[in-house]
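Participant: Residue numbers (our numbering): 1 to 533.
Here you go:
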C-alpha cells in the first residue's frame, strides 16, 4: 500500500476555486469543487477541462455552499462523476438554489458574450453548465450530520465539524489506514470568526498528522467586534451616508451576509438609532436563501432577530426584472442590498451604474474583494471604472466594513491552528492570496520548524508519509497557471486601467493637435514593442 497523495487543484495561491483530491488505496476522494473567481485569467480556468478524469473520482466531501467551494460540481457531474456529494443538510438546501442560480448566470453571460462574438466573427462559447445541469447534479447529494463518522472507499472515514463560517459550513476530519499506521488529516474549510451574528464559534478536534488550513485574512487584524460594536460601526456609516435624495448600496453575498445585515439594520431602526427607511433586497437568490434561513432559524444563534427583520414593513424583496427596475423610481433615502458581493455579476452592477457617478450615493463593501474584481478596484480607490463596457466616473463615497466578514482574521487563524496541535507532519496553507498566506506563515514560524509549514501552488501534489509531506511537483503535468498569475490582478485589469487613463488624458487635452501627439506616442510605443518581440 503506497502513501496517500494529496493534489491541490484550486485555492493554492488564491482565495477561490477550492478543490483538493486525496488518493488512497485505489480510491479518490475530492474535498470541494469550487469555481475560480477574480481576474479573467483565473476565471478562464472554469472553462478548461479538469486536470483529472472526473469519472475516476469516487466521492466528494463538500465543506459549504459558497460558489468558490461548490460551483463546479455540476460541471464535474456533467463530465462523468457518478459518486455521491456528502455535506450537511443546510449545505444541501443552499446548494439547491445557489448552483441553479450559478447555472443561470453562466447561460446569461455566455449568451451576451456570443452576441458580441458573432459581431466580431469569433468562436461561439458554451456555458460551463446550465441551470438544468445544476438540478441534475443535486440528485447525487447526500446529507451527513455533524460529528458522525462516515465510511467511504479505500478505507477512508470522515466526520464533519461546525466551521462557524456559513449556515451548514464544516471542517472535515479524515482518517486513513496505512501500512505505517493511521494518518489523521483535517481540512479547515473556511473558518469563521469568533463573533458572527448567525453562527456559533468554530469547532474541531486536535491531534493530526496533517492540517490543510485557509488563510484568507492571514495578513489582517480586526478589533474584536461585539454585536453592539459592529452595529455601532454600521450606524456611523448610515448616518454619514444619509442624503435626502441618496442611497446606500451594499454589494453583498446573497447567502448569510444579506441576512446578517438585515437583522442588524432592523435592530438599529427599532432602537431609533437610525431613521427607518425602505430596505430593498434586490436579489432573487437572496430571497430564496432567506427562505432557507427561516427554515433553519430555530437552530441558529439570533434566528429570532432575523425573523423580526423579515416581518418589518419597510423590508422588500424583488423577484422579477420589473420589480428591480421599479427601484429606480424610489424617492428619498433608501438602502439597496444586492448580489454579487464582489460586484462581478448580478443586479448590483446595474445599481452601481446608476449611483457611482452621483455625490449623494454611498457604496458599502462588507466582504472580501478578490484581486481583479470590480469590488477590489473600487476598494482601492479607482476614480473611473468600466461596467458592461460603459465608463463610469466614481463620485459616490466608497466605504468598507470588515466586521461582517465570514473569515477568521490572522490572530483567530493562529489560535484555531494551535488548538488543533499537535500537528506532527505538515501544515498546508491554502485559500489565501500570496501576501496573506506568507504573512500567516511568518506568524506561525515562531517556535515551529520551517519545513512543517507548506504553501502549495496550483496543481502541486504531495505524498503524505507518516513523517513528512514529500513534493511530487516534478512528476506532475505543468500547472495550468504559474504562481505569478494566481491571486493577482491580470493584464485584462491593466488594459482597462490604461484605456481609462488614456481616455481621461485625451479628454483633458486642450486641442486636436495635442491629442494627435499623444495618440502617435502610443502607436509608436506599440510599434517599437512589436519590433522588439
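Glycine included, every Cβ here is placed at the ideal spot set by N, Cα and C.
(1) Restricting to runs no shorter than 3 residues, where is the beta strand (DSSP E) found entirely within the stretch 318–372?
(2) Looking only at C-alpha atoms, which of 14, 205, 287 and 145 sits nearest to residue 319?
(3) Decide if residue 91 is buried, meaning its Cβ has at least 16 other Cβ atoms within 10 Å, or exposed.
(4) Along the chain, where does the beta strand (DSSP E) containing residue 253 start, and where does it finish?
(5) Could you name the residues of the same chain whose beta carbon sits closer than 8 Å to that of residue 157, not counting the 5 residues immediately before and after it, in chain order?
(6) Classify residue 149 as helix, strand or coil using the three-state DSSP reduction.
(7) What three-state label does DSSP hand residue 210 in the structure shown?
(8) Spatial neighbours of residue 182 within its chain, please: CB distance less than 8 Å, with the 5 preceding and 5 following residues excluded, ordered by chain position.
(9) Leaving out the 5 sequence neighbours to the left and right, which residues in its chain are closer than 6 Å to residue 476 when beta-carbon positions are compared?
(10) State the Cα-Cα distance for the pair residue 5 and residue 272, rounded to the nearest angstrom.
(11) Assuming the contact rule is C-beta atoms closer than 8 Å, residue 453 and residue 427 should be a hit. Round their C-beta distance to whole Å, please.
(12) Run through DSSP, which three-state label would residue 475 get?
(13) Are the beta-carbon atoms belonging to residue 397 and residue 248 less than 7 Å from one another?
(14) Going by the CB atoms, is the gap between residue 100 and residue 134 shorter than 7 Å?
(15) Helix, strand or coil, according to DSSP, for residue 385 in the structure here?
(16) Between residue 211 and residue 424, which are expected to be in contact by the criterion C-beta below 8 Å, what is the C-beta distance as a whole number of angstroms?
(17) Out of 186, 457 and 67, point me to the one whose CA is closest to residue 254's CA.
(18) Taking its Cβ as the centre, do 16 or more other Cβ atoms sit within 10 Å of residue 298, making it buried, or is it exposed?
(19) Thinking C-alpha only, which one of 125, 56 and 17 is nearest residue 64?
(20) Rounding to the nearest angstrom, what Cα-Cα distance links residue 244 and residue 360 in this structure?
Facilitator: With the given structure in hand:
(1) Those beta strand (DSSP E) runs which fall completely within the stretch 318–372 and span 3+ residues are 334–338 and 361–365.
(2) Cα-wise, what sits closest to residue 319 is 287.
(3) By the 10 Å Cβ count, residue 91 comes out buried.
(4) Run containing residue 253: none; DSSP gives neither H nor E here.
(5) Taken in chain order, the residues that qualify are 149, 150, 151, 174 and 175.
(6) In this structure, residue 149 counts as coil in the three-state DSSP scheme.
(7) In the structure shown, residue 210 sits in a strand (DSSP, three-state: E or B).
(8) Setting aside the 5 residues that flank it on each side, residue 182 is surrounded in the same chain by 175 and 176, each with a C-beta closer than 8 Å to its C-beta; the list follows chain order.
(9) Only weak support is given to the placement of residue 476: the predicted model assigns it a pLDDT of 48, under 50, and the value that follows is read from those uncertain coordinates. Residues of the same chain with a CB within less than 6 Å of the CB of residue 476, apart from the 5 flanking positions on each side, are 461 in chain order.
(10) In this structure, the CA atom of residue 5 is about 58 Å from the CA atom of residue 272.
(11) Right, the Cβ-Cβ distance comes to about 5 Å (below 8 Å), so this counts as a contact.
(12) With a pLDDT of only 49 at residue 475, under 50, the local geometry of the prediction cannot be trusted, and the value read off the model is given with reservation. In the three-state DSSP reduction, residue 475 falls in the helix class (H, G or I).
(13) Result no, Cβ atoms of residue 397 and residue 248 do not sit closer than 7 Å.
(14) Residue 134 places its beta carbon less than 7 Å from that of residue 100.
(15) In the structure shown, residue 385 adopts extended strand secondary structure according to DSSP, grouped into three states.
(16) Rounded to the nearest angstrom, the Cβ distance from residue 211 to residue 424 is 10 Å, too far for a contact under 8 Å.
(17) The candidate whose alpha carbon is nearest that of residue 254 is 67.
(18) Per the 10 Å Cβ criterion, exposed.
(19) Checking every option, the nearest Cα to that of residue 64 belongs to 17.
(20) Whole-angstrom Cα-Cα distance: 8 Å.
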